[in-house]
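Quick note on numbering: the sequence shown equals residues 18 to 260 in this note's numbering. Positions of the beta carbon are idealized from the N, C-alpha and C atoms, including for glycine. Here the structure is laid out as structure tokens; the discussion comes afterwards.
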Amino acid sequence: MLTSRKPAAATAAQEIRRMLKTGGSAEHAQTAQRFFKEEIRSYGWRTGDLRRAVVHKRREILKQFDLKFLLQVADNLFNGDINEDKNAAVFLLEDLTDKFGDPEFSLLKSWLPRISNWSDHDALVHYLIGPMIATKPARAKNVFRWAKSPDRWHRRAACVALIQGTRQKMFFPEIVRLSIQLLHDPDDMVQKGLGWLLRETAKADPKRTVQHLRRIRGNAPRLVLRTACETLHPSTRCQILGR
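Here is the structure:
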């Protein structure tokens with residue numbers, strides 16, 4: 018049995034990294050690169066296979082250690098520079114966020130500067146940070162600070178972090194405020210994130226969202242509007258996208 022907690026967490030993370038290196042395929046890694054503008058390092062795992070393998074590792078870890086230890090392992094992995102390292106960190110903690118509190122939320126926020134691409138970002142924010150904001154709505158205040166960040170991933174996080182909540186018909190006033198704050202953001206990753214948030218909001222609250230989209234249509238980037246309108250009735254979509 019591993020006895021020293023910190024070395025043990027590092028050892029567990031290293032064991033997971035060894036597993037990651039032996040899986041995946043070079044062919045899939047090459048295919049995945051097409052979805053990224055920046056160059057990524059990947060072992061070529063398919064998402065479903067990676068999730069299953071990591072969840073199995075999580076069960077093994079929790080037979081011997083507690084959630085605090087699991088968080089240390091995940092924290093170690095999210096420091097990695099391979100795409101699967103960061104995704105594995107998220108999958109270790111996925112579906113456990115209802116057991117976490119403010120200290121864990123602070124830890125997850127500290128991962129934001131480590132993000133290097135949209136895959137890292139969306140895994141962390143959509144599956145971990147977002148559910149924790151929906152569980153404790155007071156945490157939503159973070160998004161307005163992130164929206165002011167010079168870092169594109171913090172600004173995208175401001176949008177994606179509210180998606181889980183808007184699906185539960187939460188945060189409409191915050192989403193309106195945020196969309197106005199980010200309305201002229203030139204970064205396509207931020208625009209796609211905002212469009213995604215507004216699209217999900219339109220599903221949950223179509224009447225008010227359509228009204229809001231009509232108000233901002235003259236100033237909003239085309240990419241934001243096009244993404245936001247994807248699930249609307251064709252006639253409504255044409256009205257909003259028309260200039």
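Thinking C-beta only, is residue j closer than 8 angstroms to residue i?
i	j	result
V160	A175	yes
I192	L200	no
L87	R75	yes
A278	T248	Absent from the structure is residue 278, since the part of the chain shown begins at 18 and ends at 260.
R234	D204	no
A91	L37	no
G65	G41	no
A26	Q89	yes
A237	A219	no
L145	L125	yes
Could you tell me the distance, in whole angstroms, from the CA atom of residue i to the CA atom of residue j?
i	j	result
G210	T226	16 angstroms
I33	T114	21 angstroms
W163	W135	16 angstroms
E111	T253	36 angstroms
R131	T152	24 angstroms
S8	P148	Outside the displayed range of the chain (18 to 260) lies residue 8, so it cannot be described from this structure.
L195	W170	15 angstroms
R68	L258	38 angstroms
R232	A29	52 angstroms
F188	Q208	19 angstroms
V107	V71	9 angstroms
P251	R243	12 angstroms
N93	V241	35 angstroms
K224	Q198	21 angstroms
Q31	Q47	24 angstroms
Q228	P120	38 angstroms
T39	E101	12 angstroms
H73	R35	15 angstroms
D98	F53	15 angstroms
L19	L109	Residue placement at L19 cannot be trusted, given a pLDDT of 44 that sits under 50; what the coordinates show is reported in the next sentence. Looking at the two C-alpha atoms, the distance is approximately 19 angstroms.
What first and last residue would you give for the alpha helix (DSSP H) that runs through residue i?
i	result
M206	D205 to A221
F53	Counting along the chain, F53 falls outside any alpha helix (DSSP H), and DSSP gives it neither H nor E.
S252	P251 to L258
L125	D119 to K126
K74	T64 to Q81
D115	Where D115 is concerned, there is no enclosing alpha helix (DSSP H), given that its DSSP letter is neither H nor E.
L84	L84 to L94
R239	R239 to A245
Q185	Segment: none, Q185 is in no alpha helix (DSSP H) and carries neither H nor E.
Please list, in chain order, all residues of the same chain as residue i whose beta carbon is under 6 angstroms from its beta carbon, the five residues on each side excluded.
i	result
R156	I150
I137	Looking at the sequence shown, residue 137 is not Ile but Asp. Correct list, in chain order: K103.
So, for residue i: in the same chain, excluding its five sequence neighbours on each side, which residues have a beta-carbon less than 8 angstroms away from its beta-carbon?
i	result
E56	Q50
Q256	R231
R216	T244, A245, C246, E247 and T248
L79	L87
So is the beta-carbon of residue i under 7 angstroms away from any non-hydrogen atom of the ligand GTP?
i	result
V177	This structure lacks the ligand GTP, and indeed carries no ligand of any kind.
Less than 8 angstroms between CB atoms is the rule here; does residue i satisfy it with respect to chain B?
i	result
A221	Among the chains in the structure shown there is no chain B, since it carries only a single protein chain.
Below 7 angstroms CB to CB, which residues in the same chain sit around residue i once its five sequence neighbours on both sides are set aside?
i	result
R63	H45
K116	L84
M206	W135, R169 and R173
D202	R172 and Q208
Any alpha helix (DSSP H) of 4 or more consecutive residues that is wholly inside the segment 130-169: 135-141, 147-152 and 159-163
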